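Residue numbers (numbering that gives the first Met the number 0): 0 to 147.
Just so you know, even glycine gets a beta-carbon here, dropped at the ideal spot from N, CA and C.
Computed from a predicted model, the values in this text were never measured in an experiment.
Here the structure comes first, spelled out in structure tokens, and everything after it is commentary.
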Amino acid sequence: MTAPLSPETIAIVKSTAPALQRHGLAITNRMYERLFADAEIKALFDQAAQESGEQPKRLAAAILAYAKNVDNLGALTQAVERMAQRHVDTGVKPEHYPAVATALLPAIKDVLGDAVDQRVLDAWGEAYWFLAHILIGKEKALCQREAA
Ligand code: HEM
Numbered sequence: 000m001t002a003p004l005s006p007e008t009i010a011i012v013k014s015t016a017p018a019l020q021r022h023g024l025a026i027t028n029r030m031y032e033r034l035f036a037d038a039e040i041k042a043l044f045d046q047a048a049q050e051s052g053e054q055p056k057r058l059a060a061a062i063l064a065y066a067k068n069v070d071n072l073g074a075l076t077q078a079v080e081r082m083a084q085r086h087v088d089t090g091v092k093p094e095h096y097p098a099v100a101t102a103l104l105p106a107i108k109d110v111l112g113d114a115v116d117q118r119v120l121d122a123w124g125e126a127y128w129f130l131a132h133i134l135i136g137k138e139k140a141l142c143q144r145e146a147a
């Protein structure tokens, strides 16, 4: 069981929602640029959905929805189920999650620059792993169900 996010982390993550609303797509585009330096990870993705801009848009929307609802995760249940199913269908594994964290957090800094300090990055790091553990748990359950 992952420890709950602290009230301070929740407040910081929620305070970044307006910046994510404006710059979310630039952040996810930058994130994929960093992530796709790894050819094995790049191969998991449908490149047509990258080139059309669909996947960066979906991820930006998911990150924004998470920032807004980080204190009300029930609102994200359906979206999280859909992400987990898509991850299972495309072969995403728990060991891929660190690479996305390592691409996403610097991408936030690359795009938002001085508007974010280490406190914000640490809060997002914690929030990322909180959601990642929820997804990893759901993906494991889906794989077990599909294998049964
Ligand atoms: C907390 C972490 C993550 C979040 C919030 C997230 C979010 C999403 C979202 C919103 C989608 C689109 C689902 C849809 O079809 O509506 C998606 C799809 C996908 N995600 Fe993730 N994801 C995360 C971690 C990862 C990791 C670690 C990988 C592996 C490197 C990954 C690989 C993929 C792939 C391959 C797809 C399908 C994209 C396609 O259609 O080409 N994701 N994810």
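Taking 7 Å as the cut-off, does the CB of Phe35 come closer than this to any heavy atom belonging to ligand 1?
-> No, Cβ of Phe35 sits at least 7 Å from all heavy atoms of ligand 1.
Where the alpha helix (DSSP H) through Glu50 begins and ends = Boundaries of the alpha helix (DSSP H) harbouring Glu50: Gln46 to Glu50, taken from the DSSP string.
If we count Cβ pairs, one from each stretch, closer than 8 Å, do we get three or more for the region 119-137 versus the region 30-49?
-> Under the 8 Å Cβ criterion, the region 119-137 does not count as touching the region 30-49, having fewer than three qualifying pairs.
Work out the CA separation of Leu104 and Ala60 for me, nearest whole Å.
-> Computed Cα separation, rounded: 16 Å.
Roughly how far, in whole angstroms, is the beta-carbon of Ala64 from the beta-carbon of Ala48, given that I think they are within contact range, below 8 Å?
-> Ala64 to Ala48, Cβ: 19 Å. No contact.
Ile40 vs His86 beta-carbon contact at 8 Å = Against a cut-off of 8 Å, the Cβ pair of His86 and Ile40 comes out as no contact.
Are the beta-carbon atoms belonging to Val58 and Thr27 less than 8 Å from one another?
-> The sequence given here places Leu at residue 58; Val does not occur at that position. Taking C-beta atoms as the reference points, Leu58 and Thr27 count as a pair closer than 8 Å.
Whole angstroms is fine: what's the gap from Leu111's alpha carbon to Glu80's?
-> Near 30 Å, if we compare the C-alpha coordinates of Glu80 and Leu111.
Cβ of Ala126 versus every heavy atom of ligand 1: is any distance shorter than 7 Å?
-> Because no heavy atom of ligand 1 lies under 7 Å away, the Cβ of Ala126 does not count as near it: no.
Check each candidate in Val99, Ala66 and Leu19 and name the one with the smallest Cα separation from Phe35.
-> Ranked by how close their Cα comes to the Cα of Phe35, the residues Val99, Ala66 and Leu19 have Val99 in first place.
Taking the alpha helix (DSSP H) that Asn28 falls in, what are its first and last residues?
-> In the DSSP assignment, Asn28 falls within the unbroken alpha helix (DSSP H) covering Ala16 to Leu34.
Residue burial classification, Ala114 (beta-carbon count within 10 angstroms, cutoff 16) = With fewer than 16 other Cβ atoms inside 10 Å of its own Cβ, Ala114 counts as exposed.
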